[in-house]
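Here is the structure we will look at.
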Amino acid sequence: ADPLWAQSPPPYGPVFLWIEEFVAWIAGTNVDVGIYLFRGIAVIGVALIAYYAPKIATLHDINATRTLWLIAANPLFIAQFVTAGHNDALMTGLAVAGTYYAAAHRNWKGGLLGATLVTMAVAVKPIALVVLPFIGLLWAGHNASWPRKFTYWALTLGIAVIELGIMGLINGFGFGWVGALSTTGGQLIWYA
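If you want it as structure tokens, here you go:
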């Protein structure tokens with residue numbers, strides 16, 4: 217790994233910081249155990265994607281079996297989400313699950329569950345933040361007026377900020393992890 221990562225704060229949210237702490241606690245100094253635990257977490261994310269993506273396809277009258285084959289049997293999907301052993305799979309799995317609930321249940325249950333699952337995705341890797349406005353749109357409903365859209369966007373954002381704030385209180389970092397997002401801002405990695 218690049219020495220940059222040994223000397224900088226991790227640019228991840230509180231949920232992934234807890235997962236990292238758990239893996240370090242279980243694995244100790246055994247690198248192999250740590251790698252397998254992180255891969256196991258990636259497999260959980262893959263399972264979420266494989267379960268919820270076909271359900272989203274069905275909601276839109278798209279062949280669920282074909283969707284599953286295009287996603288889960290795709291070698292690039294497996295290479296990125298399983299063999300890389302990174303947190304992208306978990307983040308994406310939580311975001312896809314949240315999108316499904318917001319789309320399937322366009323009421324308080326679906327909106328709240330969708331916003332919470334996407335907030336969990338943000339708490340793994342903050343780029344998932346781009347999904348939150350879509351949760352608000354799904355929650356607002358078909359043909360929603362602009363005032364209704366803005367209301368549900370505000371509700372979705374409010375839920376996310378409150379939940380992230382609670383997580384920050386629990387782990388003691390508050391929103392301090394947000395500053396770590398600039399860790400890789402000026403870096404150039406030749407092989408990337």
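Under my numbering, the first residue of the sequence shown carries the number 217, and numbering increases by one thereafter. Glycine included, each C-beta is placed from N, C-alpha and C at the ideal position. Remember, predicted model here, so these are calculated numbers, not experimental data.
What span of residues does the alpha helix (DSSP H) with residue i cover, start to end?
i: ILE375; result: 362-387
i: VAL413; result: The structure shown does not extend to residue 413, since the chain is modelled only from 217 to 408, so the question has no answer here.
i: THR274; result: 247-275
Quick one: grab the DSSP three-state call for residue i.
i: PHE293; result: helix
i: TYR228; result: coil
i: LYS341; result: coil
i: PHE391; result: coil
i: GLY357; result: coil
i: ARG322; result: coil
i: THR308; result: helix
i: ALA408; result: In this prediction, ALA408 has a pLDDT of 49, which is less than 50 and means its spatial position is unreliable; what the coordinates show is noted afterwards. Residue state, collapsed to three classes: coil.
i: ILE278; result: coil
For residue i, tell me which candidate among the options has the shortest Cα-Cα distance.
i: VAL259; options: VAL247, TRP241 and LEU310; result: LEU310
i: ILE235; options: GLY256, ASN246, ALA288 and VAL247; result: GLY256
i: VAL269; options: VAL239, LEU345 and VAL312; result: Checking the sequence, you will find Ala at residue 269 rather than Val. Among VAL239, LEU345 and VAL312, the Cα nearest to that of ALA269 belongs to VAL312.
i: GLU379; options: LEU328, ARG364 and ILE265; result: LEU328
Rounding to the nearest angstrom, what Cα-Cα distance links residue i and residue j in this structure?
i: VAL247; j: PHE366; result: 47 Å
i: GLY390; j: PRO227; result: 14 Å
i: LEU353; j: LEU333; result: 16 Å
i: GLU237; j: SER361; result: 45 Å
i: MET383; j: GLY326; result: 21 Å
i: ALA462; j: GLY250; result: What the structure shows of the chain is the stretch from 217 to 408, and residue 462 is not part of that stretch, so it cannot be assessed.
Worksheet item: Does the region 319-333 come close enough to the region 347-357 to have 3 or more Cβ pairs within less than 8 Å?
Response: yes
Worksheet item: Taking one C-beta from the region 334-342 and one from the region 288-296 each time, how about it: are there three or more such pairs within less than 8 Å?
Response: no
Worksheet item: Are at least three pairs of beta-carbons, each pair with one atom in the region 282-291 and one in the region 300-308, less than 8 Å apart?
Response: no
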